[in-house]
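Chains as they are written, first to last, in our numbering: chain A, 2 to 755; chain B, 6 to 283. Single-structure report; data block below.
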Ligand SMILES: Cc1cc2nc3c(=O)[nH]c(=O)nc-3n(C[C@H](O)[C@H](O)[C@H](O)COP(=O)(O)OP(=O)(O)OC[C@H]3O[C@@H](n4cnc5c(N)ncnc54)[C@H](O)[C@@H]3O)c2cc1C
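Now the structure itself:
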């Protein structure tokens with residue numbers, strides 16, 4: 002592994018935190034030395050390919066092998082070969098690893114059989130030589146069909162999960178009465194589109210059996226999720242399942258739950274083939290079969306009194322969960338917990354449902370339900386400001402939550418509320434808004450507009466999630482004056498290794514070059530929880546820092562006992578000789594005064610929130626109806642930027658992903674199949690599409706985060722889409738309540754020019 | 006095993022093709038490689054990359070006119086960098102700049118774009134607007150066909166199986182000719198066109214005396230907007246020409262995963278209107 006800075010002459014002080022220490026993994030990645038799963042070759046490894054369903058709903062009657070095909074060097078696996086339970090263990094146990102013959106196909110591109118062969122080409126050919134006999138059933142292909150249609154996919158009403166939040170325990174009657182009593186009601190329906198994570202490295206996994214134990218390695222965010230899923234599937238004890246992460250080229254949530262599926266497939270093939278088997282998805286297959294951001298349908302009613310003060314917020318959120326429950330319940334939970342936004346309002350009702358359809362399962366994606374509901378509430382607040390003739394930033398400032406205020410779940414915000422800091426930051430650099438009418442470089446008339454938004458994002462797991470999870474991390478003294486950090490949190494490009502290095506270095510009081518962050522492997526690292534929910538730095542980083550301090554204290558105690566003086570760096574090698582590989586494992590404990598009630602959905606939904614404001618200037622080309630984003634400023638409160646360069650990278654990346662979702666990204670389903678399953682047609686923004694992103698890091702410390710840090714990974718994804726819609730609405734004088742705001746939609750809404 | 010030949014010159018290339026008309030003709034490979042994994046393995050590959058005699062841009066006189074002859078092996082970067090092309094055919098340079106991005110432009114060729122002849126090939130409407138001709142060569146000889154006759158249907162061309170595309174002949178437009186290009190893709194770079202338009206307008210003062218307009222991505226092949234061309238003659242740039250162009254637009258584009266028929270229709274009209282604005 003490459004060390005960021007190995008200079009021995011560097012002065013030893015606690016100063017790594019707050020500096021932009023170069024990425025520890027950076028040099029290997031930019032020089033191409035980092036080895037991704039596809040670069041690894043185990044001796045004698047075969048290639049696995051998945052045979053997939055072509056219908057969205059039906060019965061799998063049988064699998065036929067082409068007798069003309071040469072099957073001699075091919076291994077075929079079906080559900081009948083699964084030694085344990087045919088289920089990918091997650092929240093619910095509803096998703097099979099392979100649809101069994103006689104079982105139900107629930108989405109297009111669902112795995113129905115597996116093949117492995119000595120070459121990838123042979124494996125592809127073999128997969129094509131297997132055909133499924135099916136009896137098609139009528140599919141459910143929209144939220145509306147799931148809610149009102151006759152087909153039952155899940156329970157009696159197709160609802161995987163529902164939540165209700167009632168601030169002030171308002172009854173339905175009281176909500177309606179409050180709306181009726183409001184001077185104004187803004188009542189709108191919003192739709193957001195599915196989105197593909199488009200990590201650079203496609204999903205990839207390799208499995209191998211050695212002495213009865215199954216070793217799986219690959220591209221993933223959560224080694225212990227895979228570990229948990231493999232035990233019942235393979236009917237193995239915990240110690241006989243060893244999961245390790247390889248260098249991972251991006252995840253964005255797309256490698257949170259889905260890797261368990263590929264791990265299952267690779268493990269099954271490797272067992273039957275009796276050799277290592279590698280599965281690397283084609284890009285098209287990856288787009289077609291793996292999870293996407295949940296599309297959402299949101300009705301939002303905002304009641305205002307005559308002065309424009311919000312009096313009641315009523316939100317109905319419905320998400321399309323796709324064919325299986327996967328993580329939908331948790332995504333919906335985060336969605337509803339953010340649905341009222343960071344605004345003061347005495348009466349709130351939020352109802353959320355996630356429904357079963359015959360789309361491929363929707364799942365985790367940066368923001369995790371919050372971008373959908375943020376889009377709706379920030380459009381609503383914009384409409385309220387305009388209705389009241391108020392300046393959009395001033396209106397937000399007037400009604401925003403501050404310390405001491407209560408959220409929709411009646412959580413009293415005690416500390417680290419950065420409302421004024423982020424709004425001030427945006428206001429100070431805003432400058433004059435663009436002139437509405439203009440001409441662009443190609444001579445086309447344009448309409449320009451400025452949009453803003455203000456939003457928050459709960460950091461870490463929802464409710465009592467962190468407590469239940471009880472994440473653990475270890476810091477250990479190693480030979481040669483070095484220290485190890487052991488955690489299952491993965492570096493997926495977001496900089497986890499570097500952040501852990503900095504926190505451990507400062508906790509110990511040693512130079513960053515003394516720290517080795519161990520590659521996540523379930524045989525060697527404790528379960529620090531999944532790499533999700535903007536929790537890695539705030540929660541696991543805190544454990545690393547605590548462990549580092551404990552190790553430093555033990556070294557100092559030893560030094561004192563033997564009458565030695567000097568720095569930890571000076572003492573470390575001898576301490577190792579005397580004490581051996583001492584290790585300190587710490588476990589998460591929630592901050593004091595944090596209470597959450599799952600039954601009523603009240604209390605502290607999150608230990609702390611990050612706060613952000615965004616300003617966007619757009620120009621709409623009236624010849625082509627394209628929305629060009631000419632300027633985008635994000636002010637994001639992260640508590641403390643442990644590594645400002647990494648934080649900036651996270652904010653820029655999340656912002657661009659959000660801008661893409663706003664104007665051009667989409668996943669198009671046709672009869673349940675992804676119709677644009679190529680990088681050519683499932684487009685994400687390029688640098689040419691990106692404005693110069695202006696990023697303002699705001700630091701309002703979280704008293705219980707390492708050095709004050711709170712989450713940063715997800716928050717930048719939540720807000721920009723609303724800011725874009727607000728800007729376009731202003732530019733064109735037409736409301737845009739659906740994403741994406743594509744040129745086709747703009748053209749249609751403007752009624753064409755011809 | 007796939008046979009592979011990298012010919013030394015054009016004569017050898019045409020000989021190999023005459024003997025093996027079913028072989029894959031490979032230039033930059035930027036079209037061919039995209040789906041290679043899911044295509045049958047070719048019997049043989051005739052590799053034209055950097056074939057001497059297939060590259061180069063020359064000024065030529067033919068039929069009493071000045072032409073630029075652009076070798077089929079010319080890459081888009083070479084088109085962009087050539088001073089004569091920049092001067093005489095700025096709309097070709099504009100189109101080349103929007104093909105893929107730097108890597109694709111460094112590898113993709115004029116001949117490859119013509120070989121694929123996709124309805125969304127970005128250079129193709131430009132050839133229509135310029136009145137360019139395609140030079141084809143086989144062991145039996147050389148011929149040139151106007152682009153309009155070259156592309157005969159959806160990804161179908163008049164190229165015989167033994168013929169190589171060897172060059173494009175573009176007439177140098179008379180001074181004062183207005184040349185236009187606009188691509189509307191799914192995004193700003195590395196994008197497939199949803200609509201594109203190219204035009205060459207001959208003017209007398211601000212009156213249009215002749216017009217040639219090529220459209221892409223609005224039909225099964227790149228097409229000329231002949232009705233608009235006719236309607237524009239004698240019109241003055243500005244509202245007069247715009248109204249005539251809009252009234253004469255007769256295209257029936259499709260809705261697909263990238264865009265809608267209505268959008269393509271509207272935007273094609275808007276692009277042409279912009280070209281003939283004052
Ligand atoms: C990421 C990406 C982005 C792209 N973006 C664009 C874009 O924006 N606009 C656009 O128009 N295209 C685009 N393309 C397509 C492609 O780059 C262009 O069509 C390019 O001009 C093809 O040239 P090539 O030399 O690479 O062709 P090749 O792939 O080598 O060949 C293409 C076809 O032409 C045939 N052929 C090539 N040369 C000859 C010859 N001399 N005689 C006879 N047949 C021949 C081949 O047999 C083949 O059928 C893109 C491709 C990629 C991969």
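Note that the Cβ used here is the ideal one computed from N, Cα and C, for glycine as well.
* To do: Mind listing the chain A neighbours of residue 264(B)? Cutoff is C-beta to C-beta under 9 Å, in chain order.
  => 743, 744 and 745
* Check whether the Cβ atoms of residue 723(A) and residue 621(A) sit closer than 9 Å, and answer yes or no. => no
* To do: Consult DSSP for residue 24(B) and reduce its assignment to one of helix, strand or coil.
  => Of the three classes helix, strand and coil, the one that applies to residue 24(B) here is helix, per DSSP.
* **Other residues of its chain near residue 485(A): CB distance less than 6 Å, five sequence neighbours each side excluded** => 477, 479, 517 and 519
* **Any chain B beta carbon closer than 9 Å to residue 444(A)** => Yes - at least one Cβ of chain B is within 9 Å of the one on residue 444(A).
* To do: Rounded to whole angstroms, what's the CA-CA distance from residue 440(A) to residue 448(A)? Just pull it up for me.
  => Straight-line spacing of the CA atoms in residue 440(A) and residue 448(A) works out to 8 Å.
* Hey, is residue 193(B)'s beta-carbon within less than 9 Å of any beta-carbon in chain A? -> yes
* To do: Reducing DSSP to helix, strand and coil, say where residue 588(A) ends up.
  => strand
* To do: Taking residue 260(A) as the reference, give the member of 226(A), 581(A), 237(A) and 433(A) with the closest Cα.
  => 226(A)
* Do you know how far the Cα of residue 224(A) is from the Cα of residue 555(A)? -> 30 Å
* As assigned by DSSP and simplified to three states, the class of residue 635(A) -> strand
* Asked: residue 201(A): buried (16+ other C-beta within 10 angstroms of its C-beta) or exposed?
  -> exposed
* Asked: Near residue 571(A), which residues of its chain fall below 8 Å by C-beta distance, leaving aside the five closest residues on each side in sequence?
  -> none
* So, helix, strand or coil for residue 265(A), using DSSP? -> helix
* Asked: Comparing the CB of residue 201(A) with every heavy atom of ligand 1, is any distance shorter than 8 Å?
  -> no
* Asked: CA-CA distance, residue 45(B) and residue 239(A)?
  -> 45 Å
* Asked: For residue 614(A), which residues of its own chain have a beta-carbon under 6 Å away from its beta-carbon, when the five flanking residues on both sides are left out?
  -> 423, 424, 427, 455 and 636
* **Interface residues of chain A facing residue 96(B) [CB-CB closer than 9 Å]** => Here the premise fails: no neighbours, minimum Cβ distance about 13 Å.
* So is the beta-carbon of residue 690(A) under 8 Å away from any non-hydrogen atom of ligand 1? -> no
* Asked: Can you find a C-beta in chain B that's less than 9 Å from the C-beta of residue 97(A)?
  -> no
* Given 8 Å, three or more beta-carbon pairs between the region 199 to 219 of chain B and the region 240 to 251 of chain B -> The answer is yes - the region 240 to 251 of chain B touches the region 199 to 219 of chain B, with three or more Cβ pairs under 8 Å.
* To do: State whether the region 708 to 728 of chain A contacts the region 455 to 466 of chain A, with contact taken as three or more CB pairs (one from each stretch) at a distance under 8 Å.
  => Contact annotation: the region 708 to 728 of chain A touches the region 455 to 466 of chain A, with at least three C-beta pairs closer than 8 Å.
* For the region 571 to 616 of chain A, list the beta strand (DSSP E) runs that are entirely contained and at least 3 residues long, ordered along the chain. => List check, beta strand (DSSP E) in window: 584 to 588.
* **Rounded separation between residue 136(B) and residue 130(B) - CA only** => 10 Å
* With C-beta atoms as the reference, is residue 196(A) less than 9 Å away from residue 294(A)? -> yes
* With hydrogens ignored, establish whether the beta-carbon of residue 29(B) is closer than 8 Å to any heavy atom of ligand 1. => Indeed, a heavy atom of ligand 1 lies less than 8 Å from the Cβ.
* **Where residue 207(B) falls: helix, strand or coil (DSSP)** => strand
* Taking residue 292(A) and residue 363(A) to be in contact with their CB atoms under 8 Å, please state how far apart those CB atoms are, rounded to whole angstroms. => 6 Å
* At a Cβ cut of 7 Å, what residues of the region 647 to 680 of chain A count as close to chain B, listed as they run along the chain? -> Against chain B - using a Cβ distance shorter than 7 Å - the residues of the region 647 to 680 of chain A are 665, 669, 676 and 677.
* **Close Cβ partners of residue 182(A) (< 8 Å) along its chain, the five nearest in sequence each way excluded** => So the list reads 304 and 312, once near-sequence residues are dropped.
* **Neighbour list for residue 268(B) in chain A, Cβ cutoff strictly below 7 Å** => 744, 745 and 748
* **Cβ contact (3+ pairs, closer than 8 Å) linking the region 337 to 351 of chain A and the region 400 to 410 of chain A** => yes
* Asked: By Cβ distance, which residues of its chain are closer than 6 Å to residue 603(A), with the 5 residues on each side in sequence left out?
  -> Cβ neighbours of residue 603(A) within its own chain (closer than 6 Å, five residues either side excluded): 410 and 411.
* Using CA coordinates, which residue listed in 158(A), 567(A), 108(A) and 122(A) is at the minimum distance from residue 137(A)? -> If we check each option's Cα against that of residue 137(A), 108(A) comes out closest.
* Asked: Does the beta-carbon distance from residue 105(A) to residue 58(A) come in below 9 Å?
  -> yes
* Taking 8 Å as the line, does the beta carbon of residue 536(A) fall inside it for any heavy atom of ligand 1? -> no
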